[in-house]
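**Q** Once you've had a glance at the structure underneath, I'll fire off some questions.
Numbering (the numbering used here), first residue to last: 254 to 353.
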């Protein structure tokens, strides 16, 4: 059966998905939301990682900051939910590591 022309939007969406461009845009949006949710001070000493099963990994510069962020977890989650509604983040996992 002959098919008609496919809309350019569908072609571009398929191309972006195949080459991972959508994932890059999604990561950039999540990083921007994190910077705003965490604030300038915390964002400077943290880096977001992957989202796995609704849990966002956050790399933190030192254990003191990790403890402080643990106290602020509920507030950070609420801000992220408002700033990045497309990312279903239900929890945060903080780990100490080297921040580039």
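Here a beta-carbon is modelled for each residue, glycine too, at the ideal position from N, C-alpha and C.
Using a Cβ-Cβ cut-off of 6 Å (strictly less than) and excluding sequence neighbours within five positions of residue 346, which residues of its own chain qualify?
**A** The count along the chain shown starts at 1 and reaches residue 346 at position 93. Closer than 6 Å at Cβ, skipping near neighbours: 308, 310.
**Q** Of the residues 285, 300, 290, 261, which one's Cα is nearest the Cα of residue 350?
**A** The sequence position of residue 350 within the chain shown is 97, counting from 1. Checked all of 285, 300, 290, 261; the closest Cα to residue 350 is 300.
**Q** Where residue 297 and residue 344 are concerned, what is the direct C-alpha to C-alpha distance, given to the nearest angstrom?
**A** Taking the chain shown and counting its residues from 1, one reaches residue 297 at position 44. Taking the chain shown and counting its residues from 1, one reaches residue 344 at position 91. Answer to the nearest angstrom: the Cα atoms are 21 Å apart.
**Q** With H, G and I counted as helix, E and B as strand and the rest as coil, what does DSSP make of residue 256?
**A** For this step, residue 256 is matched to residue 3 along the chain shown. Residue 256 falls in the coil class under three-state DSSP.
**Q** Give me whichever residues DSSP pairs with residue 328 in a beta bridge.
**A** Reading the chain shown from its first residue, position 75 is the one you call residue 328. Paired residue(s): none; residue 328 is not in a bridge.
**Q** DSSP state of residue 305, grouped into three classes?
**A** Taking the first residue of the chain shown as 1, we reach residue 305 at position 52. It is a strand residue.
**Q** Our contact map puts residue 289 next to residue 329 with C-beta atoms below 8 Å; I'd like the distance itself, whole angstroms only.
**A** The residue you call residue 289 lines up with position 36 of the chain shown. The residue you call residue 329 lines up with position 76 of the chain shown. The distance from the Cβ of residue 289 to that of residue 329 is about 11 Å, inconsistent with a contact at the 8 Å cut-off.
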